[in-house]
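Student:
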Amino acid sequence: MCDVGCDAVSYRIIKGEDLREQNYAGIHTVGRGSSRPPVLLALDYNPGGNPDAPVFACLVGKGITFDTGGYSLKQSAFMDSMKADMGGAATATGALALAAARGLDKRVKLYLCCADNMVSGNAFKLGDIIRYRNGKTVEVMNTDAEGRLVLADGLIDASEQQPELIIDCATLTGAAKTALGNDYHALFSFDDALAQDLLSSAQEEHEPFWRLPLAEFHRSQLPSNFAELNNIAGAAYSAGASTAAAFLSHFVTRYQQGWLHIDCSATYRKGAVDQWSAGATGLGVRAVANLLLSKAK
């Protein structure tokens with residue numbers, strides 16, 4: 001970011017036990033099992049320099065720097081690429097940097113929700129209940145559905161800024177990749193016009209996105225006996241990518257308008273193909289940057 005606008009950027013970092021004390025319960029819970037402390041990085045891009053300038057947009061990124069699955073342990077074949085489970089945070093950061101380099105002149109805040117998801121005597125467990133700052137309680141029934149738990153903290157912060165636009169990016173579900181393969185990012189939104197704007201931006205940038213269903217009834221498919229929400233859908237509800245997006249909507253104050261969720265199915269390839277070498281692709285950075293610039297006009 002400093003290469004494109006260091007004077008316009010400020011940041012704050014909250015980590016370790018400070019997260020618990022400041023009620024960032026999701027990030028702290030997921031990351032407490034690692035010897036490396038979890039972190040929330042909040043970056044403020046304010047090109048006008050006015051501290052009272054309204055926040056035009058907020059970006060929220062899932063930054064799980066390694067994901068074992070926790071006590072809901074992944075098999076080796078699904079764990080070997082989990083150094084890339086921070087692809088959403090990388091996408092959001094890259095998009096803001098590119099938009100700034102292209103001349104973005106409105107204030108944007110970026111929230112990166114970073115943690116390792118590890119197994120240890122201090123790691124979170126099935127049956128744990130998390131109480132968030134917005135009053136929501138969540139029962140953990142799968143520790144490998146941890147991305148939504150950290151994103152919730154970032155989305156609460158983003159909503160408090162009352163921006164025109166909130167975009168979260170995350171390598172969130174295997175269900176999205178099952179639906180779309182490794183070539184498309186999955187898009188979810190209750191805001192039809194905004195979803196179409198992103199699809200148009202993606203087309204202009206030659207980046208493949210595909211919209212998947214997200215409806216009000218998905219928000220009620222996360223039943224828990226002991227909390228308001230479960231971190232996974234009930235057994236009768238099989239639309240895993242949609243219910244994950246619906247979970248996030250409970251942490252966005254105005255979720256029906258101005259919010260986009262991107263499930264980053266295509267940020268990383270385990271093997272080379274005709275279009276890509278193995279490794280990170282960067283797909284989505286240009287589309288999100290394009291959208292920020294077009295909405296800022």
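Residue 1 is where the sequence shown starts when you use UniProt numbering, and the numbers rise one by one after that. For each residue, glycine too, the CB sits at the ideal point set by N, CA and C. This one's a predicted model, so the numbers in the text were calculated from it and none came from an experiment.
Taking the alpha-carbon of L229 as reference, which of G103, D128, V138 and A246 has the nearest alpha-carbon?
Tutor: The sequence position of residue 229 within the sequence shown is 229, counting from 1. Measuring from the Cα of L229, the nearest candidate turns out to be V138.
Student: Return the first residue and the last residue of the beta strand (DSSP E) that G63 is part of.
Tutor: By 1-based counting over the sequence shown, the position of residue 63 is 63. Segment A57 to D67, the beta strand (DSSP E) holding G63.
Student: With DSSP run on the structure shown, which of helix, strand or coil describes K74?
Tutor: As a position in the sequence shown, residue 74 is number 74, starting the count at 1. In this structure, K74 counts as coil in the three-state DSSP scheme.
Student: Please state if the CB of G94 and the CB of A170 are separated by a distance shorter than 8 Å.
Tutor: The residue labelled residue 170 in the question sits at position 170 within the sequence shown. The residue labelled residue 94 in the question sits at position 94 within the sequence shown. For A170 and G94, no; Cβs fall outside 8 Å.
Student: Between the region 11 to 18 and the region 27 to 42, do three or more beta carbon pairs fall short of 8 Å?
Tutor: Touching, per the Cβ criterion.
Student: How far does the beta strand (DSSP E) with V150 in it reach, from first residue to last?
Tutor: If you number the sequence shown from 1, residue 150 lands on position 150. From DSSP, V150 is part of no beta strand (DSSP E) but of the alpha helix (DSSP H) over G147 to E160.
Student: With C-beta atoms as the reference, is D263 less than 8 Å away from A241?
Tutor: Locating residue 263 in the sequence shown gives position 263, where the first residue counts as 1. Locating residue 241 in the sequence shown gives position 241, where the first residue counts as 1. Yes; because the gap between Cβ atoms is below 8 Å, this pair is in contact.
Student: H261 and A239 look like a contact to me (Cβ under 8 Å); what is the Cβ gap, rounded to whole Å?
Tutor: Stepping through the sequence shown from its first residue, residue 261 is reached at position 261. Stepping through the sequence shown from its first residue, residue 239 is reached at position 239. Wrong, their Cβ atoms sit about 14 Å apart, outside the cutoff.
Student: Please state whether DSSP places C169 in a helix, a strand or coil.
Tutor: Numbered from 1 along the sequence shown, position 169 holds the residue referred to as residue 169. Strand.
Student: For N290, name the three-state secondary structure that DSSP assigns.
Tutor: Working through the sequence shown from its first residue, we reach residue 290 at position 290. Helix.
Student: Please classify G121 as buried or exposed, where buried requires at least 16 neighbouring CB atoms within 10 angstroms.
Tutor: Here the question's residue 121 lines up with position 121 in the sequence shown. Exposed, by the Cβ-count rule.
Student: Considering only the alpha carbon of each residue, which of G154, A235, Q257 and S159 lies closest to F188?
Tutor: Residue 188 sits at position 188 when you count from the first residue of the sequence shown. Ranking the options by Cα distance to F188, first place goes to Q257.
Student: Measure the Cβ-Cβ separation of I156 and R131 and say whether it is below 8 Å.
Tutor: Numbered from 1 along the sequence shown, position 156 holds the residue referred to as residue 156. Numbered from 1 along the sequence shown, position 131 holds the residue referred to as residue 131. No, these two residues do not count as a Cβ contact at 8 Å.
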